[in-house]
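Participant: Please see the structure below; I have some questions.
Residue numbers (this note's numbering): 1 to 401.
Below you can see the structure in the form of structure tokens.
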């Protein structure tokens, strides 16, 4: 059996705000007046995090503490929109300065609205952000809300406010700042036994082999010092898979802001005293995400990643999460008459898809990124200069062309 350990999540005062979304849109004349203000009061952190945890599109990247994680290069700005004194939406924005372009705004997995039919609330929020943009000299605002692609009404609403996909948007959905395509495992209303039974047979077998036959175990209550082990595993993974991982300092900052606030947990597995894999799992409200993962080149036959994923799923279930998000996958789906071998030859990410699909997940695609331009010339400089900058970065990292 896994050496599974509990976790104390962020306690949110769910009764602090009323967030019931109406079954049918409410006419603007029947709504209370809209007000917008910057969130900077002592009580605003709990108010905002509670809202982020409750709404379906809420994400840790919109949590108050994420601004602290990114504070070395970005300045956080937070706005809330209210109706009759109750929070109806808002956005946690990151501001960054770029050469030539100047400042730009980014709301990762935002903005958030209690009701996406509330056009008045969205307009008021965007007006406040634009006014702040003038003060900060922002060239544009980038958003990527976790709204399913089926919500064509939301896409139309954003377009009506002036948003458009960036010119360099990846039509396949994998090139954005945040993954547009993910796989999620539904946890609500199912026992762990039912969740395991719904996994594909090979995945079930690998979980049992890793945890029972091979005896891969979890490290009990990892500490901040264990981030050094996790960072070494990330380096190994980066060298093996051809990417440059975050450094130790970043993960220590993440720990200080998220783990200490109950918004993340570090997982490490071991086998015969050797650490084999690690991951950071994010959580807010009833939602959880597998974000950073790494593994050793040693003892790969004991399949530590299966033990680790099953431990994180169990933990998320214990915290009352309704789903567990495996994060980014390739949007490329197998066509009728196409073999798995043909698909995998064309798309090297299919192995990742197959691993995540094995846990009985469902495929989710979001609307993607949208930009709202404030300064057309500066935005043109950004979109046309970005490919060149990316090529230079790849060369500096040893990534070739």
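Ideal placement from N, C-alpha and C gives every residue a C-beta, glycine not left out.
Work out the CA separation of residue 56 and residue 118 for me, nearest whole Å.
Facilitator: Residue 118 and residue 56: Cα-Cα distance of roughly 16 Å.
Participant: Residue 322: which of 307, 361, 169, 149 sits nearest, CA to CA?
Facilitator: The candidate whose alpha carbon is nearest that of residue 322 is 361.
Participant: Determine the direct distance from the alpha carbon of residue 69 to that of residue 247, and round the result to whole angstroms.
Facilitator: Distance between the alpha carbons of residue 247 and residue 69: 13 Å.
Participant: Buried or exposed: residue 277, going by 16 or more other Cβ atoms within 10 Å of its Cβ?
Facilitator: Buried is the call here.
Participant: Examine the ligand GTP and report whether any of its heavy atoms sits within less than 7 Å of the Cβ of residue 81.
Facilitator: Within the structure as shown, the ligand GTP is missing, as the structure has no ligands at all.
Participant: With 16 as the cutoff for other CB atoms within 10 Å, does residue 467 come out buried or exposed?
Facilitator: Any answer about residue 467 is impossible in this case: the structure gives the chain only from 1 up to 401.
Participant: In chain order, what residues of the same chain lie with their CB nearer than 7 Å to the CB of residue 222, ignoring the 5 residues before and after it?
Facilitator: These residues qualify, in order along the chain: 266, 268.
Participant: Taking DSSP as the reference, what is the three-state secondary structure of residue 143?
Facilitator: In this structure, residue 143 counts as strand in the three-state DSSP scheme.
Participant: Tell me which residues share the same chain as residue 64 and place their Cβ nearer than 6 Å to its Cβ, disregarding the 5 neighbours each side in the sequence.
Facilitator: Around residue 64: 45, 48, 49.
Participant: Does the separation of the CB atoms of residue 155 and residue 349 fall below 8 Å?
Facilitator: In this structure, residue 349 does not lie closer than 8 Å to residue 155 by Cβ.
Participant: Out of 329, 374, 115, which one is the CA nearest neighbour of residue 363?
Facilitator: It is 329 whose Cα lies nearest to the Cα of residue 363.
Participant: Classify residue 297 as buried or exposed, calling it buried when 16 or more other Cβ atoms lie within 10 Å of its own Cβ.
Facilitator: Exposed is the call here.
Participant: Mind the definition here: the stretch 185-197 touches the stretch 307-323 only if three or more C-beta pairs lie below 8 Å; say whether that holds.
Facilitator: Yes, they touch.
Participant: Just the Cα atoms here: how many angstroms apart are residue 76 and residue 67?
Facilitator: Near 5 Å, if we compare the C-alpha coordinates of residue 67 and residue 76.
Participant: If residue 146 and residue 109 are in contact, beta carbons under 8 Å, what's the gap, nearest whole angstrom?
Facilitator: Sure, about 5 Å apart at Cβ, within 8 Å.
Participant: Across the stretch 293-308 and the stretch 208-218, are there enough close Cβ pairs to call them in contact, namely three or more that are closer than 8 Å?
Facilitator: These segments touch.
Participant: Give me the DSSP bridge partner(s) of residue 75.
Facilitator: Answer is 95, bridged to residue 75.
Participant: Under DSSP, the alpha helix (DSSP H) around residue 302 begins and ends at which residues?
Facilitator: Where residue 302 is concerned, there is no enclosing alpha helix (DSSP H), given that its DSSP letter is neither H nor E.
Participant: Whole angstroms are fine: how far does the CA of residue 272 sit from the CA of residue 133?
Facilitator: The straight-line gap from Cα to Cα measures roughly 55 Å.
Participant: Let me confirm a value: residue 92 is counted as buried when at least 16 other C-beta atoms fall within 10 Å, else exposed. Which label applies?
Facilitator: Buried, because 16 or more other Cβ atoms sit within 10 Å of the Cβ of residue 92.
Participant: Is the distance from the Cβ of residue 365 to the Cβ of residue 331 below 8 Å?
Facilitator: In contact: residue 365 and residue 331 (Cβ atoms closer than 8 Å).
Participant: Is it buried or exposed, residue 182, if we count other Cβ atoms within 10 angstroms and call 16 or more buried?
Facilitator: So residue 182 ends up on the buried side.
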